[in-house]
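Q: Each residue of the sequence shown is one higher than the one before, counting from 12 in the working numbering.
We put the CB at the ideal spot given by N, CA and C, even for glycine.
Input: one structure, supplied below.
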Amino acid sequence: MKRAIALGFLAVLLVLGIGSVNVSQDEGSPDWFEAVDVSQDEISPDRFETFADWCLNQASLTPEAQHTVETLLEEAGTQDCNQAEGRLTHLAELELNGNQIVDVSPLASLTNLSQLWLAHNQIVDVTPLTYLTNLPELTLWDNQIEDVSPLATLTNLTWLNLGANRIADVSSLATLTNLTALNLGANEIVDVSSLATLTNLTYLSLPNNGIVDVSPLANLIQLTQLELGTNRIADVSSLATLTNLTMLGLEGNPLENRTCPVQPETICWF
């Protein structure tokens, strides 16, 4: 009789889809039902759409993602995931400088941000930031970034700081034609030809790279400040078109002629 009841209960569980059930072969055992195992599928971070999703599933995250979630909870001033979601998603400015952040994936849902500071961290992959398509100002100074191609979709950017990284190829930045300020100092850049499309720039910083040819920059006639110190530049005569310049930094270059290409000559730093 007990076995019949057990098998009947097992059938009900299977119909309801509750999970696998092991029934003891010992009909006299009163503990047969303790072997019921309810299985659950792990939720992949790829399916997370909100910060609350990241927060509520911290146990399944990598240590790097967990650290970012914890940093954001601290910024929100609460450990309650839903409260933090409400506070963070309404932020216009978020400053996370110097927090040892590696994984920026939990930031992807903060689409109302207008200013995001992530300087002095350990970020390599900026792909998750592609969701922040409304973002005008982004600072990624002093990280470990090599590939900036994911940022090509952030066409609303007007201010971008990528200084002190490991960037060599800046061709993908050619799409960011709304930029007015761009910092690419202290990287590994040689070719700046792709920057010729950024005709709205008023500020461009490129010191401490490996640049030789600056003629592509002659098209950026809105520039008021141009920093080119410590490169491998020998000839700056092509920059004579930049008549709006108020500052031109040329120190630390093997210049053949130390004559300022624009007037007044006092704007040049040699």
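(1) Determine which residues share a DSSP beta bridge with CYS279 and list them.
(2) From this set, LEU121, LEU256 and VAL247, which residue's C-alpha is nearest ARG269's C-alpha?
(3) Does DSSP classify ASN230 as helix, strand or coil?
(4) Considering only the beta carbon of each residue, do THR144 and ASN167 sit closer than 8 Å?
(5) For ASN93, does the count of other Cβ atoms within 10 angstroms reach 16, so buried, or fall short, so exposed?
(6) Can you tell me whether DSSP reads LYS13 as helix, strand or coil?
(7) Kindly provide the ranges of any beta strand (DSSP E) runs that are 3 or more residues long and lie completely inside the region 108-150, ordered along the chain.
(8) The beta strand (DSSP E) spanning GLN236 covers which residue range?
(9) Work out the CA separation of VAL80 and GLY196 for me, nearest whole Å.
(10) Could you tell me the boundaries of the beta strand (DSSP E) in which ASN93 lies?
(11) Could you tell me the boundaries of the beta strand (DSSP E) in which ALA192 lies?
(12) For ALA179, tell me which candidate among GLU262, SER249 and VAL201 has the shortest Cα-Cα distance.
(13) Measure how close the beta-carbons of THR8 and LEU121 come, nearest whole angstrom, since I'm counting them as under 8 Å.
(14) Helix, strand or coil: which one does DSSP assign to TRP170?
(15) DSSP has GLU267 in a bridge; who is on the other side?
(16) Can you tell me the Cα-Cα spacing of THR82 and ARG243, whole angstroms?
(17) Let me know the secondary structure DSSP gives GLU60 once reduced to three states.
(18) Between ASN211, ARG58, GLU199 and PRO117, which lies nearest to LEU171 when the distance is taken from Cα to Cα?
(19) Quick one, are the C-beta atoms of THR213 and THR235 less than 8 Å apart?
(20) Looking only at its own chain, which residues have a Cβ that is under 7 Å from the Cβ of ASN189, when we skip the five neighbours before and after it?
(21) Between which residues of its own chain and ALA207 is the CB-CB distance below 6 Å, once the five residues before and five after are set aside?
(22) Starting from the C-beta of THR73, find all residues in its chain whose C-beta is less than 8 Å away, skip the five residues before and the five after it, and write them out in chain order.
(23) Taking the beta strand (DSSP E) that GLU318 falls in, what are its first and last residues?
(24) So what's ASP42 in DSSP terms, helix, strand or just coil?
(25) With a Cβ-Cβ cutoff of 8 Å, do PRO272 and ALA251 count as a contact?
(26) Below 8 Å on the Cβ atoms is my guess for VAL135 versus ILE156; work out the distance and round it to an integer in Å.
(27) Nearest-angstrom Cα distance between ILE278 and PRO139?
A: Checking against the coordinates, here is how it stands:
(1) As a position in the sequence shown, residue 279 is number 268, starting the count at 1. DSSP, once it has assigned bridges, lists LEU259 as partnering CYS279.
(2) Stepping through the sequence shown from its first residue, residue 269 is reached at position 258. Considering only alpha carbons, the answer is VAL247.
(3) Position 219 of the sequence shown, counting from 1, holds the residue named residue 230. Helix, per DSSP.
(4) Locating residue 144 in the sequence shown gives position 133, counting from the first residue. Locating residue 167 in the sequence shown gives position 156, counting from the first residue. Yes, Cβ-Cβ distance for THR144 and ASN167 is below 8 Å.
(5) Here residue 93 corresponds to residue number 82 of the sequence shown, with the count starting at 1. Under this definition ASN93 is an exposed residue.
(6) In the sequence shown, the residue the question calls residue 13 occupies position 2. Note that LYS13 has pLDDT 37, beneath the 50 cutoff, so the model's placement of it is unreliable and the number below is only indicative. Here LYS13 sits in helix by DSSP.
(7) If we require 3 residues or more, the beta strand (DSSP E) runs fully inside the region 108-150 come out as 126-128 and 148-150.
(8) Residue mapping note: residue 236 aligns to position 225 of the sequence shown, counting from 1. That run of the beta strand (DSSP E) goes 236-238.
(9) Here the question's residue 196 lines up with position 185 in the sequence shown. Here the question's residue 80 lines up with position 69 in the sequence shown. So the two alpha carbons sit approximately 30 Å from each other.
(10) By one-based count along the sequence shown, residue 93 stands at place 82. Run containing ASN93: none in the beta strand (DSSP E); it sits in the alpha helix (DSSP H), 92-99.
(11) Translated into positions along the sequence shown, residue 192 becomes position 181. Here the beta strand (DSSP E) through ALA192 covers 192-194.
(12) Against the sequence shown, residue 179 aligns to sequence position 168. Looking at the Cα atoms, VAL201 is the closest of the given residues.
(13) No information on residue 8 is available, as it lies outside the stretch 12 to 281 that the chain covers here.
(14) On the sequence shown, position 159 is the one that residue 170 refers to. Here TRP170 sits in strand by DSSP.
(15) The sequence position of residue 267 within the sequence shown is 256, counting from 1. Its beta-bridge partners do not exist; DSSP assigns none.
(16) For this step, residue 82 is matched to residue 71 along the sequence shown. For this step, residue 243 is matched to residue 232 along the sequence shown. Going from the Cα of THR82 to the Cα of ARG243 covers about 41 Å.
(17) Translated into the one-based positions of the sequence shown, residue 60 becomes position 49. In this structure, GLU60 counts as coil in the three-state DSSP scheme.
(18) Within the sequence shown, the letter at position 160 stands for residue 171. Among ASN211, ARG58, GLU199 and PRO117, the Cα nearest to that of LEU171 is on ASN211.
(19) By 1-based counting over the sequence shown, the position of residue 213 is 202. By 1-based counting over the sequence shown, the position of residue 235 is 224. Taking 8 Å as the Cβ cut-off, THR213 and THR235 qualify as a contacting pair.
(20) Reading the sequence shown from its first residue, position 178 is the one you call residue 189. Cβ within range, chain order: THR166, ASN167, LEU168, THR169 and ASN211.
(21) Taking the sequence shown and counting its residues from 1, the one referred to as residue 207 is at position 196. Only PRO227 and ASN230 meet the Cβ criterion.
(22) Residue mapping note: residue 73 aligns to position 62 of the sequence shown, counting from 1. Taken in chain order, the residues that qualify are ASP114.
(23) In the structure as shown, the chain starts at 12 and stops at 281, and residue 318 therefore has no counterpart that could be examined.
(24) The residue labelled residue 42 in the question sits at position 31 within the sequence shown. Confidence in ASP42 is poor, its pLDDT being 37 and thus under 50, which makes the residue's placement too unreliable to answer from.
(25) Position 261 of the sequence shown, counted from the start, is the residue given in the question as residue 272. Position 240 of the sequence shown, counted from the start, is the residue given in the question as residue 251. Going by C-beta atoms, PRO272 is nearer than 8 Å to ALA251.
(26) The residue you call residue 135 lines up with position 124 of the sequence shown. The residue you call residue 156 lines up with position 145 of the sequence shown. VAL135 to ILE156, Cβ: 6 Å. Contact.
(27) As a position in the sequence shown, residue 278 is number 267, starting the count at 1. As a position in the sequence shown, residue 139 is number 128, starting the count at 1. So the two alpha carbons sit approximately 40 Å from each other.
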